[in-house]
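Visitor: Its first residue numbered 15, the sequence shown is counted upward by one per residue in the numbering used here. Think of the CB as a built atom: it goes at the ideal place given N, C-alpha and C, for glycine as much as any other residue.
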Amino acid sequence: TGTSDVSLCAACSSGCTAGQWVNPGLCDGTGTSDVNMCAACSSSCTAGQWVNTGLCDGTGTSDVSLCAACTSGCSAGQWVDSSLCDGTGTSDVSLCAACTSSCTAGQWVNNGL
Numbered sequence: 015t016g017t018s019d020v021s022l023c024a025a026c027s028s029g030c031t032a033g034q035w036v037n038p039g040l041c042d043g044t045g046t047s048d049v050n051m052c053a054a055c056s057s058s059c060t061a062g063q064w065v066n067t068g069l070c071d072g073t074g075t076s077d078v079s080l081c082a083a084c085t086s087g088c089s090a091g092q093w094v095d096s097s098l099c100d101g102t103g104t105s106d107v108s109l110c111a112a113c114t115s116s117c118t119a120g121q122w123v124n125n126g127l
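(1) Measure from the C-beta of T75 to each C-beta in chain B and report whether the shortest distance is under 7 Å.
(2) Report the residue from C55, T60, G39 whose alpha carbon sits nearest the alpha carbon of A82.
(3) Starting from W122 and walking both ways along the beta strand (DSSP E), at which residues does that stretch end?
(4) Do W35 and A24 have their beta-carbon atoms positioned less than 7 Å apart in this structure?
(5) From C117, A32, C55, Q121, pick the residue whose C-alpha is nearest to that of T102; which is it?
(6) Closest by CA to T150, which one among L69, S21, A32?
(7) In its own chain, which residues sit with a C-beta less than 6 Å from the C-beta of D100, not counting the 5 before and 5 after it?
(8) If you check the beta carbons only, do C110 and Q92 fall under 7 Å apart?
(9) Note down, in chain order, each residue of its chain lying with its Cβ closer than 7 Å to the Cβ of S108, except the 5 sequence neighbours on either side.
(10) Is the closest heavy atom of the ligand ADP to the C-beta of A112 under 6 Å?
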């Protein structure tokens, strides 16, 4: 009812927080209420990688999370323990652990393996 169009177009909310990105596709112009245009950044990678969300700061218009490789090398006398680097963490949790340096009587340290 009425004699003129009194509808107004308003911008959808676009303020996202760290760990999210602005997805303008969620606000397609057909809705009748404000749409939160925030989508979660990627949260998983493959084993041996970690999710680098440093660039996913809430201001970008695409998911810029990157899968970064976990530590793959250590100093001499150490080995890489990447058992916790399962692709779900947000930091490199691989550790450089010291190799065995002594054995019990009757055994010898074989560092050639």
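Guide: The structure says:
(1) As a matter of chain content, chain B is missing from the structure shown, which is built from one protein chain.
(2) Within the sequence shown, residue 82 is the residue found at index 68, counting from 1. Ranking the options by Cα distance to A82, first place goes to T60.
(3) Looking up residue 122 in the sequence shown gives position 108. Premise fails: W122 is in no beta strand (DSSP E) and is neither H nor E.
(4) As a working mapping, residue 24 is identified with position 10 in the sequence shown. As a working mapping, residue 35 is identified with position 21 in the sequence shown. No, they are not a contact pair.
(5) Position 88 of the sequence shown holds residue 102. Nearest C-alpha to T102: C55.
(6) Here the chain has residues from 15 to 127 only, and residue 150 is not among them.
(7) Start at 1 with the first residue of the sequence shown, and residue 100 comes out as number 86. A61, listed in sequence order.
(8) Against the sequence shown, residue 110 aligns to sequence position 96. Against the sequence shown, residue 92 aligns to sequence position 78. Closer than 7 Å, so yes.
(9) Here residue 108 corresponds to residue number 94 of the sequence shown, with the count starting at 1. So the qualifying residues of the chain are C84, T85, V94, D95, S96, C99.
(10) You won't find the ligand ADP in this model; it holds no ligand whatsoever.
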